[in-house]
DNA sequence: AATTTTTTTATGTATTTCTTAAGAAAATAT
DNA sequence: ATATTTTCTTAAGAAATACATAAAAAAATT
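Chains as they are written, first to last, in the numbering used here: chain A, 1 to 225; chain B, 1001 to 1225.
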């Protein structure tokens, strides 16, 4: 995650950089606006923290300029704390507005909240999904239930992932075939899926009549959540 | 835009409602969490403003529960203003955290900022229809009446959806066959549909003589609304 | 070759859908 | 207004369909 920090007060910029680095973010730090804009144009930035009072350009103008081209979240970090300042800031395209003096950890929480939302929508789909006591990690192909490892076969894992990815929505058997086998193997009978579902429920100690996780939607398909 | 407001302090909830209405939003106001959750489940909400200290459930728990199923922005509005409170709030899935006492216009600006971001990323194809106390969601194949789950068979669901989709218009029996079975099974007698209608009315506690929902248009078909 | 995974097949059960038929309500005809 | 026809409502049972489960066969991995 690449984050741009712009503040003419060196100490503030440095402090923010320190905290962001601690969280594992890649920080691009600037004490003026022009340089920062160049960076934003060239790098693919994920978030910006802007001061309003900059030596060269106004932070709000900068905010507007960014919005003409980019959609990543912008947090205004500034000493201007009157209500009207906040309102104009937020109206100009900023996503959050934090006033100085500020609590670094709160700022970090706000950064994370903004990035989380940004990620969930930019279809940089998360590779981790949790629901109740279930958590699935697609990267290392792991599935935990009540913090205990569930050993799933590839197909079982894929089905569970598909269901969780579409939390709440019903997935038909046809959709499962499309997603898991492609259109090629369209001959397969639906009973195959049913068996996989049964195995999943078995391993998850879930029942068909009173399901905690995978519930059947009669005549339609299966859903979770 | 539908916004849920939950606060056990009546004055605050009313104040927020007033401002939101001024901005043209449709407000669902609650003084406790349970009722609010029911509303969130049945309506397709676009944003929620939550207090933390609620009489029945904790606002943070509520936040988590919402996040299990929904992605709309959540703003915490609360008197708990220590840094750790803000951080946990934002970590739990909230998108913004405003402390009391608050400036109403600033809150409005934050609401707008959140909705702006939400809208730019979500391509809302609403698969949800509401009519009176009835709400049908095609995605999760759920139908709620007075916030209570109606368990419908696939055909019943399809018929009800078809009627709601064409709210106000009469649907003939032939049209129903076309939509539900395709032209193939055109031999079926219309009595089949009539029976489904009866079952629907039964489950919806609706009567034929004085219908609240599905009304018969003599010699033509059925309609809703 | 042995093991694991996936699919098929078969069976019992539950649910849904359709048919049938009788009675009520509405429209039309007498 | 009364009788007749048409259409709708209601009920109950038969037929069809979908699901859960189990066990065995086929395929893929190891």
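All C-beta atoms, glycine included, are put in the ideal place defined by N, C-alpha and C.
In the DSSP annotation of this structure, residue 1075/B is not part of any alpha helix (DSSP H); the continuous beta strand (DSSP E) holding it starts and ends at 1074 to 1078. With a threshold of 7 angstroms between beta carbons, residue 60/A makes no contact with chain B. By the beta-carbon neighbour count (other beta carbons within 10 angstroms, threshold 16), residue 1109/B is buried. Pairing residue 33/A with residue 63/A gives a Cβ-Cβ distance that is not under 7 angstroms. Residue environment: residue 1042/B is assigned as buried (16 or more neighbouring CB atoms within 10 Å of its CB, all protein chains considered). Note: residue 1144/B is bridge-paired with 1135/B and 1149/B in the DSSP secondary-structure output. Per the DSSP secondary-structure output, residue 1221/B pairs in a beta bridge with 1172/B and 1217/B. Legend: CB atoms of the region 65 to 76 of chain A lying less than 7 angstroms from CB atoms of chain B belong to residues 71. With a 10 Å radius around the Cβ and a threshold of 16 neighbouring Cβ atoms, residue 1217/B comes out exposed. In this structure, the beta-carbon distance from residue 1139/B to residue 169/A falls below 7 angstroms.
For residue 1109/B, at least one C-beta of chain A is nearer than 7 angstroms to its own C-beta. Residue nearest to residue 1103/B within the set 1116/B, 1173/B, 1077/B and 1022/B is 1077/B (criterion: CA-CA distance).
A distance below 7 angstroms between beta-carbons, with the five flanking residues on each side excluded, links residue 1029/B to the following residues of its chain, in chain order: 1005, 1013 and 1017. Residue 16/A has a beta carbon lying at 7 angstroms or more from every beta carbon in chain B.
Within the same chain, and ignoring the five residues on either side of residue 1039/B in sequence, the residues whose Cβ sits closer than 8 angstroms to its Cβ are 1004, 1028, 1030, 1045 and 1147. Cβ neighbours of residue 1072/B within its own chain (closer than 6 angstroms, five residues either side excluded): 1045, 1046 and 1047. Proximity of residue 103/A to chain B, defined by a Cβ-Cβ separation below 7 angstroms, is satisfied. Within the region 66 to 119 of chain A, the complete alpha helix (DSSP H) runs of at least 4 residues fall at 83 to 91. Distance from the CA atom of residue 136/A to the CA atom of residue 214/A, rounded to whole angstroms, is 14 angstroms. Nearest to residue 1160/B by C-alpha distance, out of 1198/B, 1050/B and 1083/B, is 1198/B. Per DSSP, the continuous alpha helix (DSSP H) segment holding residue 36/A begins and ends at 33 to 42.
Among the residues facing chain A, residue 1154/B is included, as its CB has a counterpart in that chain under 7 angstroms away. Here residue 95/A is not near residue 51/A, since their CB atoms are 7 angstroms or more apart. Classified as exposed, residue 10/A has fewer than 16 neighbouring CB atoms from the shown chains inside 10 Å of its CB. Counting only Cβ-Cβ distances below 7 angstroms, residue 1095/B has contacts in chain A at 113 and 117, in chain order. Contact with chain B is found for residue 220/A, since one of that chain's Cβ atoms lies less than 7 angstroms from the residue's Cβ. Interface flag for residue 1179/B against chain A is unset, since no Cβ pair is found closer than 7 angstroms. Comparing alpha carbon positions, the residue from 22/A, 2/A and 21/A closest to residue 36/A is 2/A. Annotation for residue 119/A: 126 place their beta carbon closer than 7 angstroms to its own, counting only its chain and skipping 5 residues before and after.
Contact between residue 1105/B and residue 83/A holds, since their C-beta atoms are separated by about 6 angstroms, short of 8 angstroms.
With its beta carbon at least 7 angstroms from every one in chain A, residue 1022/B lies outside the interface. Contact note: residue 1166/B does not reach chain A at a C-beta cutoff of 8 angstroms; the least C-beta distance is about 21 angstroms. Under the 10 Å beta carbon count, residue 53/A is surrounded by fewer than 16 other beta carbons and is classified as exposed. Residue 1147/B is outside the set of residues whose beta carbon lies under 7 angstroms from a beta carbon in chain A. The beta carbon of residue 1115/B sits closer than 8 angstroms to the beta carbons of 1001, 1046, 1047 and 1073 from its chain, once the five residues preceding and following it are set aside; these are given in chain order. Residue 149/A sits exposed, since fewer than 16 C-beta atoms from the chains shown fall within 10 Å of its C-beta.
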